[in-house]
Structures are given as structure tokens and as C-alpha cells.
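**Q**
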Amino acid sequence: MFFLQILLNSLVLGTQILLIAIPLYMIYSVSKVFHLGIGAMSTVIAYLFYMIVKWSGDFYLAGIIAVVTGIIFSVFSYFLLEKYIERKQYLFALLASFSAGVALEALIAIGFGSDGKSIIEGVLPTFHFSGLNLTLPGLITIAAGILCFLLMAFVLQKTPFGRTLRSLSENRNSAEAQGINSHRMRFVTYLLAILMAGFIGITLGLNTALTPGMGFDLIIMAFIAFLIGGQANIAGTFIASYLVALVPQIAISFSDFSAAWKMVFVFLLAAIMLSLWPRGLFYSSKRNS
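With our numbering applied, the sequence shown covers 144 to 432.
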């Protein structure tokens with residue numbers, strides 16, 4: 144039963160990682176940039192949601208403010224990264240997004256302090272079945288993660304937007320020559336990706352507690368899952384997200400290591416997997432026309 148509870152907890156964490164890894168995948172597909180700042184942006188959105196709920200008690204108003212903040216961050220991301228993308232300076236774009244994320248987390252710590260903040264006070268609604276426990280926010284996270292993955296897979300394979308996204312990913316110059324507006328596509332992608340990241344930031348705050356650095360840990364695990372799964376491989380990202388959650392949890396639960404070692408095991412897993420499969424476990428090569 145203990146092992147099953149570990150699997151259940153890892154399923155929740157893996158879904159949280161997936162819901163950040165999917166935005167990373169989307170943005171990388173249209174820009175070739177790892178937007179590491181979206182972890183901190185999701186944290187800011189979650190803190191604003193927390194602040195509005197504590198001030199007014201209105202979850203609907205908090206949700207509207209969260210969406211508006213996500214739109215603002217989408218515009219900010221566009222103007223922050225676009226000049227580097229046009230010049231194909233992808234490393235500078237990564238550094239810019241990472242620096243923006245660090246700055247946002249520092250501002251959160253200054254404004255709210257480093258102690259944890261709980262959106263829901265008291266005991267969380269919890270489901271009990273066959274000796275296993277799962278909180279309501281955890282259940283919502285799992286359901287939303289699976290739904291988002293299925294929807295993303297459908298959009299990529301069956302819709303004009305997905306075909307456009309894949310064409311930009313495979314060969315941007317050829318796609319633009321066919322009349323695709325890459326600037327507009329990138330902005331729309333930023334918008335969808337950051338709104339999704341904001342959602343997972345809020346569910347994290349509902350399930351545990353908000354901390355200034357929570358977005359950093361999550362974006363690093365999502366980035367590692369993205370690399371392990373293989374770039375531009377959404378199915379690989381799905382599987383790798385749960386591996387990144389499960390393997391360190393098993394290592395900690397069945398040893399004398401404390402939870403503080405979790406990120407050590409995450410990086411160790413990444414080092415082993417990427418040394419064996421440098422392009423990712425589920426990498427698929429594509430010929431550019």
C-alpha cells in the first residue's frame with residue numbers, strides 16, 4: 144500500500160511537471176528557445192490569485208486577474224524574446240528568459256516573504272479509497288493534465304494550428320515562405336503556454352503551499368523531462384515527466400535520504416539518461432526540406 148501511495152503522489156507531481164513541460168514544448172516548437180522564465184511567471188500568477196482570494200474571497204475575480212496577468216506576461220515574453228529569435232540568438236534568449244524568471248522570484252520573495260502561503264486554509268478536501276489518499280486539487284491536477292495532453296496531441300495532429308506549429312518547428316524559413324505569420328504564431332503560443340503554466344501554479348498553491356522558489360524547481364524538472372523525452376516529441380515529454388517524478392521519489396522513500404535530496408536524484412537521473420541517449424530517449428529525427 145505504501146508503494147501505491149508513492150505512485151499516486153508521483154502521478155500528481157508528474158502531471159504538474161507535464162503541465163509545465165507542455166508549454167516549454169510549445170514555445171520551443173515555434174521559436175527554438177527554452178523559455179525558462181515561465182516557471183516564475185506561473186508563480187506570480189499563483190501569488191496574485193492568492194492575494195485576491197485573501198482580499199475579496201472571490202475565486203472568480205481571482206481567476207479573471209490570473210488570466211489578465213497571463214496575457215500581460217505573454218506580451219512581455221514576446222517583446223523580451225522576439226529580437227533574439229529573429230537574430231537566431233537562442234542562447235541569449237534562454238539567458239534573458241532565465242534572468243527574468245530569477246528577477247520575478249526575487250520580487251515575490253521581497254513582496255510576500257519566503258514563508259509558505261496557503262490559498263485554502265485548514266484541511267484540504269481529500270478522497271480516501273482502499274487505504275490511499277488523494278486531495279481534491281491533486282485529482283483536478285491529474286484530470287487536467289491528462290485532458291491537456293490529449294487535447295494538445297489532437298491539436299498537433301488534426302488541426303490547422305497544429306500543422307502550422309509543426310511546420311514552423313521543422314523549417315521556419317519554408318513555413319514563412321508559404322505565407323505563415325511566424326510572429327503571430329509565436330505570440331499565440333506564448334499566450335496559451337503561459338495561461339497553462341499559470342493554471343498549474345494555482346493548483347500547486349491549492350494542493351500544497353506557495354513559495355517564491357516553487358516555479359524554479361518545477362521548470363527545471365520540466366526542462367529535464369523535455370530533454371529526456373526528446374526534443375519536439377510530445378509523447379516522449381509525457382512519459383519523461385512521470386519518470387522525473389517517480390524515480391527520485393522511489394529513491395528517497397526506500398532509502399535514508401531526506402526529501403532535500405530530491406533535486407540531486409533528478410539531476411542524477413538526467414545525467415544517466417542523457418549520457419546514454421544524448422538526443423533524448425524518445426528522440427525522432429526529421430529531415431528538413
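Backbone N, C-alpha and C define an ideal beta-carbon position, used for all residues, glycine too. Just so we're clear, the structure is a prediction, and the values are computed from it rather than from any experiment.
Confirm, please, whether the CB-CB distance from residue 223 to residue 239 is below 8 Å.
**A** In contact: residue 239 and residue 223 (Cβ atoms closer than 8 Å).
**Q** Determine the contact status of residue 333 and residue 220, defining contact as a CB-CB distance below 8 Å.
**A** Contact flag set, yes.
**Q** Is residue 260 helix, strand or coil when you go by DSSP?
**A** Three-state result, residue 260: strand.
**Q** If you follow the beta strand (DSSP E) that residue 277 is in, where does it begin and where does it stop?
**A** It spans 275-278 - the beta strand (DSSP E) in which residue 277 sits, taken as one unbroken run.
**Q** What does DSSP give as the partner residues of residue 353 in its beta bridges?
**A** Answer by DSSP bridge pairing, in chain order: 260.
**Q** Alpha helix (DSSP H) containing residue 269: first to last residue?
**A** First-last for residue 269: 269-272, but that is the beta strand (DSSP E), not the alpha helix (DSSP H).
**Q** Would you kindly work out how many angstroms separate the C-alpha atoms of residue 339 and residue 165, rounded to a whole number?
**A** Approximately 9 Å between the Cα atoms of the pair.
**Q** Can you name, in chain order, every residue of its own chain whose Cβ lies under 7 Å from the Cβ of residue 336, other than the five neighbours on each side?
**A** So the list reads 166, 169, 170 and 181, once near-sequence residues are dropped.
**Q** Tell me the rounded alpha-carbon separation between residue 199 and residue 183.
**A** So the alpha carbons of these two residues sit roughly 24 Å apart.
**Q** So for residue 230, helix, strand or coil by DSSP?
**A** DSSP places residue 230 in coil when its eight states are reduced to three.
**Q** How far does the alpha helix (DSSP H) with residue 405 in it reach, from first residue to last?
**A** Residue 405 -> alpha helix (DSSP H) spans 405-419.
**Q** I'd like to check one pair, residue 408 with residue 421: are the Cβ atoms closer than 8 Å?
**A** For residue 421 and residue 408, no; Cβs fall outside 8 Å.
**Q** Closest by CA to residue 147, which one among 216, 341, 175 and 273?
**A** Of the candidates 216, 341, 175 and 273, the one whose C-alpha sits nearest the C-alpha of residue 147 is 273.
**Q** Less than 8 Å between the CB atoms is what I'm expecting for residue 329 and residue 173, so what's the real figure, rounded?
**A** With 8 Å as the limit, residue 329 and residue 173 qualify as a contact, their Cβ atoms being about 5 Å apart.
**Q** Under 8 Å, do residue 372 and residue 424 count as touching if we go by C-beta distance?
**A** Their beta carbons are under 8 Å apart, which means residue 372 touches residue 424 by this criterion.
**Q** At 4 residues or longer, and completely inside the stretch 320-374: list those alpha helix (DSSP H) runs for me, N to C.
**A** With a minimum length of 4 residues, the continuous alpha helix (DSSP H) runs that stay inside the stretch 320-374 are 325-350 and 357-372.
**Q** Between the C-alpha atoms of residue 300 and residue 306, what's the straight-line distance to the nearest angstrom?
**A** If you take the alpha carbons of residue 300 and residue 306, they lie about 7 Å apart.
**Q** Can you tell which of 270, 317 and 185 has its C-alpha closest to the C-alpha of residue 341?
**A** The candidate whose alpha carbon is nearest that of residue 341 is 185.
**Q** Could you spell out the range, first to last residue, of the alpha helix (DSSP H) harbouring residue 197?
**A** Residue 197 -> alpha helix (DSSP H) spans 181-199.
**Q** Residues in its own chain within less than 7 Å of residue 416 by CB, not counting five upstream and five downstream?
**A** Correct list, in chain order: 371 and 424.
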